[in-house]
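**Q** I am attaching a structure below and will ask some questions about it afterwards.
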Amino acid sequence: MDVTPYERRTWTALTMAGFWFSDALNAQSWEAPATILAVGLTYREAIVCIIFGSLCCTVPLVLNGILGARLHVPFPVAMRSSFGWYFARFAIVVRMTTALFWHAIQTYTGSTAMTQMIRAIWPSYLNIPNHIPASVGITSQQMVSHLIFWSVQFPILLTPPHKLQWFFIFKFVVVSITCIGVVIAMCKKAGGSGEIWKQEYTVYGPMRSWLILSSMSSITGGWATMATNIPDFTRYLKREKGVYWQVLFLPLIQLCLGLFGIVSTSAAKVVYGQYIWDPLALAAEWNGPSGRAGAFFVGFAWVIAQIGTNLSANVISCANDMTSLFPKYINIRRGVIIATVTAAWIMVPWKIIHSASSLLSFMAGLGTFLAPIAAIMGADYWIVKKTHIDVPSLYRSRGRYRYNEAGTNWRAVTAFLISVVPNLPGMAASVNPSLKNGVGGAEYIYDMFYIWGFTSAFVSYCVLSHFFPEKSTLIEETIPGDVPFEEASASEEKAEGSDGGDEKIAVKAADYEV
């Protein structure tokens, strides 16, 4: 939780490129167009939704990414500036819960990739007798794959974040080559790219417009966790310029992978007589010596892809959260162990994957709570605090960012409620469709849950902070957290200006209270 020391600020713009290729190159991104086409839209609308949905997400990614790159503090610490010492823990728990759910899902998806690798070598692997009751929701063969994948993933998850550049770049090379190879192979088998390009939309009028907006918001919301916890990674950057490359990287990667998914799926219709969006289900159709060799490499690529996504989006962030909540008992390494054991085994991810759609709808709706968190953090740093933060005070329970005895910034609470409450009826209807007729126009607000959630929270927090400012938190210049004690004391006095704060806070490790 400490300010990242100079020797660990090893990331560059190239590392950020590898990071985003690592995060975005996964099975879920490949299948993203499927959900858009399934509601009656075409590949044209899918491409538009992917591009603009990704671009919308780059706004909080850049706003909050710069915060991490300049202050070199993780998300749980950065949140204290806007939410207050204790209310920040609420935001941390929301983000941690989301990360655990997605880590569970990504891990189980990785186990299906492991199945393709093993069956490519030993086809009889698929015929392992099942000795697990049907009520458990998983077969013996699937359990073996899950255990093997988790065992391979576990030591990689324990790698310190500042040493992960090599893995991100490795994943980028392996997965990119595999994706291109799959598209070429399927088009060669089909004698072209199929007929999906001729498909027409089946919805019209306002319904079509709302579906486009909803699909775009879903793409944006899919990155809600990363938009919130991006400081956990940009804190390792040497220079903040690396943050701006995200505006190019994310939409480009999403678009390329989405197009790969569309082309290969269209070709699959010609070859196999059905649309197959899941790349691992596609590999399962490949038999014979050459087919199994291809299935092995596809399985290997997606194993690497899922591990990379868990690293960049889920496990490290969750470990940071646990460390912030229980600093006396948990460090980053212990947090990683707790997170991966909890997600992979205690949360029984195979049950989540095969559960009722209501649970999956609830998980998707968690973006409703993450949007205002990302918005308030960005608005606080750029608009309210004007990029001037007292970093040492972020580590002290009685520092300037406590706000009051409750350790809560009421402006953040109000902005959060303004953002979330209008979305709740629509979210409830998505979890329980029987409520749909009773929510009225609120359903349309939920169709653009991330766009509404982020914008409303950002604006309302700025307005409240303008008319009801907390002057003790407003300083004239940033007080960094990586300077000598004497220099920090001098910066503190200068930053206080003529207001003369009651409490002098300097960088002194013994005084830190994480």
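Numbering of the sequence shown is given in UniProt numbering, commencing with residue 1 and proceeding in unit increments. The beta-carbon is built from N, C-alpha and C at its ideal position, and this holds for glycine as well.
Okay, do the region 33-43 and the region 56-68 touch, 3+ Cβ pairs below 8 Å being the bar?
**A** Cβ pair count under 8 Å is below three, so no.
**Q** Verify the CB distance criterion: does P161 have a CB-CB separation below 9 Å to chain B?
**A** No chain B appears in the structure shown, which is made up of a single protein chain.
**Q** So residue 544 and G242 are supposed to be a Cβ contact under 8 Å. How far apart are they, rounded?
**A** Since the first residue shown for the chain is 1 and the last is 514, residue 544 is missing from the structure and cannot be characterised.
**Q** With the cut-off set at 9 Å, would you say P74 and M1 are in Cβ contact?
**A** Contact: yes.
**Q** If you check the beta carbons only, do H146 and W350 fall under 9 Å apart?
**A** It is a contact, given that the beta carbons lie within the stated cut-off.
**Q** May I ask you to report which of helix, strand or coil DSSP gives D2?
**A** In this structure, D2 counts as coil in the three-state DSSP scheme.
**Q** Output yes or no for whether 9 Å exceeds the beta carbon distance between A281 and A295.
**A** Not in contact: A281 and A295 (Cβ atoms no closer than 9 Å).
**Q** Applying the 10 Å Cβ sphere with the 16-neighbour rule, what's the burial state of T202?
**A** That one is exposed.
**Q** Rounded to whole angstroms, how far is the Cβ of G53 from the Cβ of I230, which I believe are closer than 8 Å?
**A** About 17 Å; that fails the 8 Å criterion.
**Q** Considering only DSSP beta bridges, list what L237 is partnered with.
**A** Paired residues: W11.
**Q** Write down the C-beta distance between M117 and G299 rounded to the nearest angstrom, noting that I regard them as a contact closer than 8 Å.
**A** Contact holds; Cβ gap of about 4 Å.
**Q** Would you mind reading off the limits of the alpha helix (DSSP H) that contains H466?
**A** 449-467 is the span of the alpha helix (DSSP H), which, as asked, contains H466.
**Q** Please go through the same chain and pick out, in chain order, the residues whose beta-carbon is closer than 6 Å to the beta-carbon of P422, but skip the five residues on each side of it.
**A** I445.
**Q** If I measure Cβ to Cβ from M347 and keep anything under 6 Å in the same chain, skipping five residues before and after, which residues do I get?
**A** Excluding sequence neighbours, M347 sits near A104.
**Q** According to DSSP, is D23 part of a helix, a strand, or is it coil?
**A** Looking at D23 - three-state DSSP - the assignment turns out to be helix.
**Q** Where do the N-terminal and C-terminal ends of the alpha helix (DSSP H) with F167 fall, by residue?
**A** Counting along the chain, the alpha helix (DSSP H) containing F167 begins and ends at 165-190.
**Q** On the three-state DSSP scale, how would you describe D390?
**A** Three-state result, D390: strand.
**Q** Does I330 come out as helix, strand or coil in the three-state DSSP assignment?
**A** Residue state, collapsed to three classes: coil.
**Q** Which two residues bound the contiguous alpha helix (DSSP H) that contains P251?
**A** First-last of the alpha helix (DSSP H) with P251: 246-272.
**Q** Could you tell me the alpha carbon to alpha carbon distance between I169 and V183, rounded to whole angstroms?
**A** So the two alpha carbons sit approximately 21 Å from each other.
**Q** Near T178, which residues of its chain fall below 7 Å by C-beta distance, leaving aside the five closest residues on each side in sequence?
**A** Closer than 7 Å at the Cβ level, and outside the excluded window around T178, lie F297, V298, A301.
**Q** When you compare each of F90, S419, V77 to V391 by their alpha carbons, which one comes out closest?
**A** Residue V77 is the option with its Cα nearest to V391.
**Q** Count the other C-beta atoms from every protein chain shown that fall within 10 angstroms of the C-beta of F108, then say buried if there are 16 or more, exposed otherwise.
**A** Correcting the residue identity first, residue 108 is Tyr in this sequence and not Phe. Buried.
**Q** Run the CB neighbour count on Q246, radius 10 Å, all protein chains shown included, and call it buried at 16 or more, exposed below.
**A** So Q246 counts as buried.
**Q** Just the Cα atoms here: how many angstroms apart are I180 and T323?
**A** Looking at the two C-alpha atoms, the distance is approximately 40 Å.
**Q** In terms of alpha-carbon separation, which member of T478, A27, W20, Y403 lies closest to Y381?
**A** Comparing Cα-Cα distances from Y381 to each of T478, A27, W20, Y403, the minimum goes to T478.
**Q** Quick check on this structure: which residue in S111, T342, L100 has the alpha carbon closest to the alpha carbon of Q306?
**A** Ranking the options by Cα distance to Q306, first place goes to S111.
**Q** Using a Cβ-Cβ cut-off of 7 Å (strictly less than) and excluding sequence neighbours within five positions of Y272, which residues of its own chain qualify?
**A** E285, listed in sequence order.
**Q** Tell me which residues share the same chain as S215 and place their Cβ nearer than 8 Å to its Cβ, disregarding the 5 neighbours each side in the sequence.
**A** Excluding sequence neighbours, S215 sits near T35, I36, V39, L41, E45, A46, C49, G53.
**Q** Where S124 and I196 are concerned, what is the direct C-alpha to C-alpha distance, given to the nearest angstrom?
**A** Between S124 and I196, the C-alpha separation is close to 35 Å.
**Q** Kindly identify the DSSP beta-bridge partner or partners of I479.
**A** The partner list for I479 (beta bridge, DSSP) reads D390.
**Q** What are the boundary residues of the alpha helix (DSSP H) that D321 is part of?
**A** From DSSP, the alpha helix (DSSP H) with D321 extends over 316-325.
**Q** Assuming V336 contacts L157 (C-beta within less than 8 Å), just tell me the rounded distance between them.
**A** About 5 Å separates the two Cβ atoms, so the contact holds.
**Q** With distances taken Cα to Cα, identify the nearest neighbour of E7 among W122, N130, H162.
**A** Closest option to E7, Cα to Cα, is H162.
**Q** What would DSSP say about R95, mapped onto helix, strand or coil?
**A** Helix.
**Q** Are the region 462-473 and the region 403-411 in contact at 8 Å, needing three or more beta carbon pairs?
**A** Yes, they touch.
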